[in-house]
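One structure below.
This is the structure in structure tokens:
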């Protein structure tokens, strides 16, 4: 038995559609996603606040972004002032 290919996944999707119906699929996906997120948060060491602190420290190390200025240039062929 090898990895699941496209035909196998289509068969599984059809079976899930028949069992649960099209109206319940979004709810099932939403609850599955939230369960996976909770599991990942429980298993992953550290805290989201630690990640925010680390990102803030990185941005402080880089310093402020340089100010961008725009400068208008005149072409040599263009007249300095519009003619009246």
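In this note's numbering, the protein residues as written are 531 to 614.
No residue lacks a Cβ here, since even glycine has one placed at the ideal position from N, Cα and C.
**Report entry** Cα-Cα separation between residue 575 and residue 540, rounded to whole angstroms
**Finding:** 36 angstroms
Requested in this report: Alpha carbon to alpha carbon, how far is residue 553 from residue 545? Give it in angstroms, no decimals.
Outcome: 14 angstroms
Query - Three-way DSSP call (helix, strand, coil) for residue 560 in this model - result: In the three-state DSSP reduction, residue 560 falls in the helix class (H, G or I).
Query raised in the report: Helix or strand or just coil, what does DSSP make of residue 554?
Result: coil
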